[in-house]
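Asks: Below are the structure tokens for one structure; questions will follow.
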Amino acid sequence: MLSYTIFYCFEVALFVVFYDVSKVAVIVLFNVAQLLHTIEILFFLAVIVYGHPRMKSAVRALLHMGNASWIKNKFRRKLTSFDGRELTVDPSQEQNVYFKGYAEMWSVVPHQTSKC
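In this note's numbering, the protein residues as written are -7 to 108.
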């Protein structure tokens, strides 16, 4: 209902401005109307989604996905290669590999690089 009211008001305003004011004002008013329609649609979509019990729980799960402990507990699985080697790396091992590579990168002196 609110959408129709906003649409009607902007249509009347566009009609009045179209005959009385410059084309720049018509373009600005039209863009504002489109922006308001988009915001209203997204707002009411969020209200509808968050109002439904099952969708509310799904939204809560998405909001908590950024929590690292939730991800570790949810997706903790050992990764193995085809020949049976374990590919899972602990966070401390991953940190050591990262910082070792980072230290090697900064320890290289620019004059030691090969010239073409």
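For each residue, glycine too, the CB sits at the ideal point set by N, CA and C.
Nothing here was measured: the structure is a model prediction, and the numbers come from that model.
If we ignore side chains and look at the alpha-carbon of each, how far apart do E3 and M47 end up?
Replies: On the sequence shown, residue 3 is found 11 positions in, with the first residue counted as 1. On the sequence shown, residue 47 is found 55 positions in, with the first residue counted as 1. When rounded, the distance between both Cα atoms is 35 angstroms.
Asks: Grouping DSSP H, G and I as helix and E and B as strand, with all else coil, what is T159?
Replies: Limits of the chain in this structure are -7 at one end and 108 at the other, which puts residue 159 out of reach.
Asks: Hey, how far is the Cα of I31 from the Cα of S84?
Replies: Mapped onto the sequence shown, residue 31 falls at position 39. Mapped onto the sequence shown, residue 84 falls at position 92. Roughly 45 angstroms between the two C-alpha positions.
Asks: DSSP three-state call for T30: helix, strand or coil?
Replies: Here residue 30 refers to the residue found at position 38 of the sequence shown. DSSP places T30 in helix when its eight states are reduced to three.
Asks: In angstroms with no decimal places, state the Cα-to-Cα distance between N88 and F74.
Replies: Position 96 of the sequence shown, counted from the first residue, corresponds to residue 88. Position 82 of the sequence shown, counted from the first residue, corresponds to residue 74. Those two C-alpha atoms are separated by around 25 angstroms.
Asks: Taking the alpha-carbon positions, what's the I19 to C1 distance?
Replies: Here residue 19 refers to the residue found at position 27 of the sequence shown. Here residue 1 refers to the residue found at position 9 of the sequence shown. Taking the straight line from one Cα to the other gives about 16 angstroms.
Asks: In chain order, what residues of the same chain have a beta carbon less than 8 angstroms from the beta carbon of I33, not counting five sequence neighbours either side?
Replies: Working through the sequence shown from its first residue, we reach residue 33 at position 41. Closer than 8 angstroms at Cβ, skipping near neighbours: S(-5).
Asks: Tell me, please, which residues DSSP counts as bridged to T111.
Replies: No information on residue 111 is available, as it lies outside the stretch -7 to 108 that the chain covers here.
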